[in-house]
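In this note's numbering, the protein residues as written are 70 to 477.
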Amino acid sequence: MTFEALVHASEVITGRGVRLKDGKRITDEDLGRIPDGAIVYSRHSVAGQSVPKKVEWVGPTEELPKKWSEVPKTDLKRKRAIVPGLIDCHTHLVFAGDRSAEFAARCGGASYEEIAQKGGGILTTVKATRAASEARLIRLASARLREVYRRGVRTVELKTGYGLTAESEIKTLRVIQALRRKFPKMTLKATYLGAHAVPSGVDRSEYIRKIVEETLPAIGRQNLADTCDVFVDEGYFTRDEGRAILLAAQRHGLPAKIHADEMTNTEAATLAVELGALSADHLLKISDSGIQSLSRSSTVAVLLPGTAFYLKAHQAPARKLLDAGVRVALATDFNPGTFMCSSLPVVMTLAALYLGMTCPEIFAAVTYNGAKALGLEAHKGTLEPGSDADFWVLPFRKFEESYYRFAW
Ligand code: NIG
Ligand code: FE
């Protein structure tokens, strides 16, 4: 094990107060901004690459303890800030194929639902992803992940859901395992989203029976996924179907997540709370009682303002959620249908402009609360002794610049 330090950062944001408040009602005082800050961390070797391991110390550069005075130091000359590595807790990043024609159709007035009813939408990507080899999916996803890393994201959740047969869903999970080996500086979490849509030509109850009785047990046995998600919405899966699938997932050790109340309100956020889900995501149409139940739970509300923007839909009631004391995370939802963009900083700009979120709220949403939506908050989301040293050294002086500058 070796140790290193970064000194004279323009600012270090530890996020310690965000952890103390467990991600709720975050204000500027909770960020723990340290001007002219320094950080000491350990390194270790993973897959032949030297990778930062744990944070040892954080504080003002002038208070660097004697104990660390001999470690090799890099001087950031007050030009670069350091924050916890960003977390994108909701993506559909592994896919093949092209949906630009559907985008054009939507721009010409067709709705997402109409396109899906005609057999397009998710099922277009399913065809292309099934046809793609594992090697091709790895190549496509790797190029995307390099961009994601460049923009400060160190932890990414990747959903399946473009295979929709046991075999092709497991192929996607194996692709995610291969990506983990290729990107040792990132943490990649795999979510099984077999219940993303009912594949064409398949009986719906038979499809759900297979997920519950065959695919989930196989995934659990082989330890191929970390969490399970269901698209609970009109035209996709009902609350009862979602409950049955997610209870089965929990029996196989996979915590629940839900695509909830996106196109229509089906009180799916309340189902997420009932199941003790890690997160309820989208929430464009969440009801007041859904907001109330989230505020009394440990379930994170994951907001995806890029998707509403790209669909020209009404944004989620972010201020209502935040003011009710709900824990809010932000993520890209990167996918070829409803947000063909992998940039979390772009989503942060949209959150500032369209969700009315403040800087401290945005910071918490892409660090600690993103970690909590993945069950990783014990080691990620803040910079404190003992946390993972997967921090981001910004190419900017202040955290705010990462989303004030648009689409860098
Ligand atoms: O999160 N809402 C469901 N699934 C994706 C869209 C997937 C697609 O259109 O390919 C979403 O928006
Ligand atoms: Fe999604």
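Backbone N, C-alpha and C fix where the C-beta goes; we use that ideal spot for every residue, glycine too.
This one's a predicted model, so the numbers in the text were calculated from it and none came from an experiment.
When you compare only the Cα positions, how much space is there between residue 165 and residue 188?
17 Å
With a floor of 4 residues, list each alpha helix (DSSP H) that falls wholly inside the region 139 to 172, ordered by position along the chain.
none
Examine the ligand FE and report whether any of its heavy atoms sits within less than 6 Å of the Cβ of residue 402.
yes
Please name the residue, chosen from 265, 370, 257, that lies closest to residue 338 on a Cα-to-Cα basis.
370
Residue 118 burial status per 10 Å Cβ neighbour count (16 or more: buried)
exposed
Coarse secondary structure for residue 434, derived from DSSP in three states:
helix
Which ranges would you report for the alpha helix (DSSP H) in the region 202 to 262 if only whole runs of at least 4 residues count?
203 to 219, 235 to 251
For residue 155 versus residue 86, is the C-beta spacing smaller than 7 Å?
Contact flag unset, no.
Whose C-alpha, out of 416, 395, 248, is nearest the C-alpha of residue 402?
416
Does the beta-carbon distance from residue 340 to residue 325 come in below 7 Å?
no
Given residue 233, which residues of its chain have a CB within under 6 Å of its CB, disregarding the five upstream and five downstream residues?
Excluding sequence neighbours, residue 233 sits near 195, 268.
Give me the Cα-Cα distance between residue 404 and residue 198, rounded to the nearest whole angstrom.
12 Å
With a Cβ-Cβ cutoff of 7 Å, do residue 206 and residue 163 count as a contact?
yes
Helix, strand or coil: how does DSSP classify residue 111 here?
strand
Best match in 318, 372, 373 for proximity to residue 346 [C-alpha to C-alpha]:
Checking every option, the nearest Cα to that of residue 346 belongs to 318.
Look at residue 238 and residue 229 and say whether their C-beta atoms are less than 7 Å apart.
yes
In three-state terms, what does DSSP make of residue 375?
helix
Nearer than 6 Å: is that true of the beta carbon of residue 314 relative to any heavy atom of the ligand NIG?
no
Have a look at the DSSP bridge pairing and note the partners of residue 461.
Partner(s): 152.
Ordered list of beta strand (DSSP E) runs contained in the region 380 to 458, each at least 3 residues
Those beta strand (DSSP E) runs which fall completely within the region 380 to 458 and span 3+ residues are 397 to 399.
List the endpoints of the continuous beta strand (DSSP E) containing residue 80.
71 to 82
Rounded C-alpha distance that separates residue 114 from residue 70
8 Å
Quick one, are the C-beta atoms of residue 300 and residue 328 less than 7 Å apart?
yes
For residue 462, which residues in the same chain have their Cβ closer than 6 Å to its Cβ, ignoring the five residues on either side in sequence?
Apart from the 5 residues on each side of it in sequence, residue 462 sits with its Cβ closer than 6 Å to the Cβ of 149, 151 in its chain, given in chain order.
Excluding the 5 residues preceding and the 5 following residue 210 in the sequence, name in chain order all residues of the same chain whose CB lies nearer than 7 Å to its CB.
162, 163, 244, 248
Taking 7 Å as the cut-off, decide whether the C-beta atoms of residue 501 and residue 101 are in contact.
A query on residue 501 cannot be resolved here, the shown segment of the chain reaching from 70 to 477 and no further.
According to DSSP, residues forming a beta bridge with residue 186:
Beta-bridge pairing links residue 186 to no other residue.
Just to confirm the assignment, what range does the alpha helix (DSSP H) spanning residue 268 have?
Premise fails: residue 268 is in no alpha helix (DSSP H) and is neither H nor E.
For residue 288, collect the residues of the same chain with a Cβ closer than 6 Å to its Cβ; drop the 5 residues on either side in sequence, then sort them by chain order.
Answer for residue 288: 261, 294, listed in chain order.
Just mark residue 478 as buried or exposed, buried being the case when its beta carbon has 16 or more other beta carbons within 10 Å.
Nothing about residue 478 can be read from this structure; the chain reaches only from 70 to 477.
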